[in-house]
Amino acid sequence: MDLVTLSRLQFASTIMFHFLFVPLTLGLSIIIAYMETRYVQTGDETYLNMTKFWAKLFLINFAVGVVTGITQEFQFGTNWSRYSAYVGDVFGSLLAIEATATFFLESTFIGVWIFGWKKLSKKAHAGVMWLVAIGSNLSAVWILIANAWMQSPVGFTIRNGRAEMVDFGAVISQPFATYKIIHTISSAL
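Written as structure tokens, this is what we have:
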């Protein structure tokens, strides 16, 4: 096999393994936030027990998802460096937004949520879990927009042999991205 085929196989196996964890992370974040909210509203310890049980699985799943996601990022540079150089202005911008805005939001509030059980009020703690759920799902939105752009590129022009973004609105609002977002997030629930 040639290098391109091996690179494709490596990336395919990485992305398939990574996507085993993505839907579970998205869905569990919302379910856990809902269960904790029900605990706050009703005082029923059953909801608290469910929250804590599913939270353990969520945190393990999130950690494995982060590791497999970082592996993908490295493969963009190692296996697809020419492609990354060609589309970096568009694709890289979307991944940068995902990393700096939503992933850090999600990760920060996961830390607050883990260590805030006895330090925050019940309402504040449940609110933090909703921020984790929002961050997780917004992170997926930006990644899905980037993926949709690779499959149906819009809002760019070719300058000096590279794709350069000329219409950010077109990139983030293309119908293909909308369908991918609706499909992925709703199926995760």
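Counted the way my numbering counts, the sequence shown spans residues 937 to 1125. All C-beta atoms in this analysis are idealised placements derived from N, C-alpha and C, irrespective of residue type, glycine included. Because the structure is a prediction, the values reported are computed rather than measured.
Burial state of isoleucine 1081 is buried, judged by a 10 Å Cβ sphere holding 16 or more other Cβ atoms.
Under the 10 Å beta carbon count, isoleucine 1079 is surrounded by 16 or more other beta carbons and is classified as buried.
Annotated three-state conformation of methionine 937 is coil, per DSSP.
Of the other Cβ atoms in all chains shown, fewer than 16 fall within 10 Å of the Cβ of isoleucine 996; this residue is therefore exposed. Straight across, the Cα-Cα distance linking asparagine 1015 with threonine 1004 is about 16 Å.
For phenylalanine 1104, the three-state secondary structure derived from DSSP is helix. Around the beta carbon of glycine 1001, a 10 Å sphere encloses 16 or more other beta carbons of the protein chains shown; the residue is thus reported as buried. DSSP places phenylalanine 1092 in the strand class (E or B) of the three-state scheme. Judged by their CB atoms, phenylalanine 1039 and serine 1075 are nearer to each other than the 8 Å cut-off. Here glycine 1071 is buried: its Cβ has 16 or more other Cβ atoms, across all protein chains shown, within 10 Å. Taking the C-beta atoms as reference points, valine 1107 is found no nearer than 8 Å to glycine 1097. Taking a contact to require three or more Cβ pairs closer than 8 Å, the segment 953-966 and the segment 1056-1072 qualify as touching. Annotation: serine 1088 to phenylalanine 1045 spans about 33 Å, alpha carbon to alpha carbon. Along the segment 1011-1041, the beta strand (DSSP E) does not occur as any fully enclosed run of 3 or more residues. The alpha-carbon separation between proline 1111 and serine 1123 amounts to approximately 18 Å.
C-alpha of threonine 1093 to C-alpha of serine 1109: approximately 17 Å in a straight line. Residue Pro959 holds the alpha-carbon nearest to the alpha-carbon of isoleucine 1118 among Thr950, Arg944, Pro959. For valine 1023, same chain residues with a beta-carbon under 7 Å away, outside a window of 5 residues either side, are Ala1099 in chain order. Going by beta carbons, threonine 950 and glutamine 1008 fall inside the 8 Å limit.
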